[in-house]
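If you read the sequence shown in my numbering, its first letter stands for residue 1282, the second for the next number, and so on. Positions of the beta carbon are idealized from the N, C-alpha and C atoms, including for glycine. Worksheet: one structure, shown below.
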Amino acid sequence: MTKIIKINPANIDTDLLAQAADVIKHGGLVAFPTETVYGLGADTFNEKAVENIFRAKGRPMDNPLISHIADISELERFAREIPDSALKLANEFWGGPLTIILKKKEGIPDCVTAGLDTVAVRLPSHSIANALIKLSGTPIAAPSANLSGSPSPTTAEHCIKDLMGRVDMIVDGGSSMIGIESTVIDLSGELPVVLRPGMISPEDMRSVIGEVIYAGEVTGAPKCPGMKYKHYSPDAKVYVLENMTEYENLAEENQKVCIIAKNTAETSYKADLIYDAGADDREYAARLFYLLRKADEDGADVVFAEMPGEDGIGIALRNRLFKAAGGRVITNE
Ligand code: AMP
Ligand code: MG
């Protein structure tokens, strides 16, 4: 049985949220909102509970989880070395959508880190996420609260669709504001390396710690263990187009065609489904996973999505879209 509770992030009912904290304390699973996407949480230090996260999501055991903390001082429970760069980034961007990878300390269950010698930690900014971690009295290990392979959830409805009956509780706290997962930066090696782009861009971090490596959309051995898995895939075939008029050549007869593009009011697409992605890439990011899920619900056969910009959050958006498209990316060259 999955219990659903509704919490207003601007005015948290602490007694009600304490029910979710009780679930965490007793080794259960709670889906909860964060500013990036919804997370599926368990007590990081309860091995059995963490194993159940993998079971509920159908997540491969070799894909490690991010631990969520409520205070920077808790970093010491996770990392055996805390480089200056970690403190600088944490001070600048926490609470916020940045996950930091450090050399792990003893005592963290192997299933949290998939047996790696490193650990991923984030301090979210979302009021409900923070309050839940504090009320639980323990860091919360949480991947995105979707079934493995489907787009990350940005609303409680998405969690209900994927996880109803598979988890103990879902906290409905409205839509996630950012809409794509956190930036992941690895500070366990010689140089800082971005393993997964997010709203906090390589440029943002360079201004705080100097050199930051980001390889861009390269193929080959995945850096982030989870990146080798097919991700963010709707059932519909997705194309990413630099020139949106290309869709007229690519759409086949009898296909239900869906367009995802910015500022659709200013254009004249002829398609079965026209989804507006907002005015800029920030709004596009906030809506992307929602719209990919909607395309499936509305029975789209093919989705033509507009190519985002090349900087800022556009880098992260391209990363998610290119994965959803599985290589069907059409540039102007
Ligand atoms: P999710 O929250 O579902 O986006 O999954 C967490 C992401 O963090 C996955 O892409 C993991 O591969 C990544 N991650 C977690 N721990 C580590 C680690 N120790 N080293 C590298 N990547 C990690
Ligand atoms: Mg995920």
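Since residue i and residue j should fall inside the 8 Å C-beta cutoff, what is the C-beta to C-beta distance between them, to a whole number of angstroms?
i, j, result
"Thr1612", "Glu1523", "5 Å"
"Ala1560", "Ile1541", "That belief does not hold up - the Cβ atoms of Ala1560 and Ile1541 are roughly 14 Å apart, past 8 Å."
"Ser1431", "Pro1314", "Not confirmed; about 18 Å, so no contact."
"Leu1468", "Ile1382", "6 Å"
"Val1538", "Ala1546", "Wrong, their Cβ atoms sit about 19 Å apart, outside the cutoff."
"Pro1420", "Asn1411", "In fact, because the Cβ distance is near 12 Å, the residues do not count as touching under 8 Å."
"Lys1353", "Ala1371", "First, the amino acid is wrong: residue 1353 is Ile here, not Lys. Rounded, the Cβ-Cβ distance is 5 Å, consistent with contact."
"Val1610", "Gln1536", "Going by Cβ atoms, the distance from Val1610 to Gln1536 rounds to 19 Å, so no, they are not a contact pair."
"Thr1317", "Glu1462", "5 Å"
"Asp1516", "Asp1449", "No, Asp1516 and Asp1449 are not in contact; Cβ-Cβ is about 28 Å, not under 8 Å."
Would you give the residue range spanned by the beta strand (DSSP E) that residue i belongs to?
i, result
"Thr1380", "1379 to 1384"
"Asp1398", "Segment: none, Asp1398 is in no beta strand (DSSP E) and carries neither H nor E."
"Ser1249", "For the chain, the structure presents residues 1282 to 1614; residue 1249 sits outside this window and is missing."
"Phe1585", "1583 to 1587"
"Ser1348", "1347 to 1349"
"Ile1286", "1284 to 1287"
"Tyr1550", "Careful: Tyr1550 lies outside any beta strand (DSSP E) and carries neither H nor E."
"Asp1443", "Looking at the DSSP string, Asp1443 is not in any beta strand (DSSP E); the run it does join, the alpha helix (DSSP H), is 1437 to 1444."
"Leu1321", "1320 to 1324"
"Asp1453", "1450 to 1453"
"Arg1477", "1474 to 1477"
Could you give the distance in angstroms between the alpha-carbon of residue i and the alpha-carbon of residue j?
i, j, result
"Val1311", "Ile1334", "9 Å"
"Val1446", "Phe1603", "Rather than Val, the amino acid found at residue 1446 in this sequence is Gly. Looking at the two C-alpha atoms, the distance is approximately 32 Å."
"Leu1297", "Ala1496", "44 Å"
"Lys1442", "Asn1289", "21 Å"
"His1439", "Ile1451", "11 Å"
"Leu1573", "Val1400", "30 Å"
"His1407", "Tyr1520", "33 Å"
"Ile1596", "Met1480", "9 Å"
"Gly1608", "Glu1591", "17 Å"
"Glu1357", "Phe1585", "46 Å"
"Leu1397", "Asn1344", "10 Å"
"Ala1422", "Met1486", "24 Å"
"Asp1453", "Gly1320", "12 Å"
"Gly1460", "Lys1386", "31 Å"
"Phe1359", "Ala1581", "44 Å"
"Tyr1550", "Tyr1571", "21 Å"
"Leu1554", "Glu1587", "14 Å"
"Lys1543", "Tyr1565", "7 Å"
How is the alpha helix (DSSP H) around residue i delimited, first residue to last?
i, result
"Asp1577", "1562 to 1578"
"Val1311", "No alpha helix (DSSP H) contains Val1311, which is instead part of the beta strand (DSSP E) from 1311 to 1313."
"Ala1410", "1408 to 1417"
"Leu1598", "1594 to 1606"
"Val1489", "1483 to 1490"
"Asp1303", "1295 to 1306"
"Lys1338", "1328 to 1338"
"Leu1531", "1528 to 1531"
Strictly by DSSP, which residues pair up with residue i?
i, result
"Thr1464", "Leu1379"
"Cys1539", "Leu1554, Val1584"
"Tyr1520", "Phe1585"
Counting only beta-carbon separations shorter than 8 Å, does residue i have a partner in chain B?
i, result
"Val1489", "In summary, chain B is missing from the structure at hand, where a single protein chain is found."
Those residues, in chain order, that have a beta-carbon closer than 6 Å to some heavy atom of ligand 2:
By the rule of a C-beta closer than 6 Å to any heavy atom of ligand 2, the residues picked out are Pro1424, Ser1425, Ser1433.
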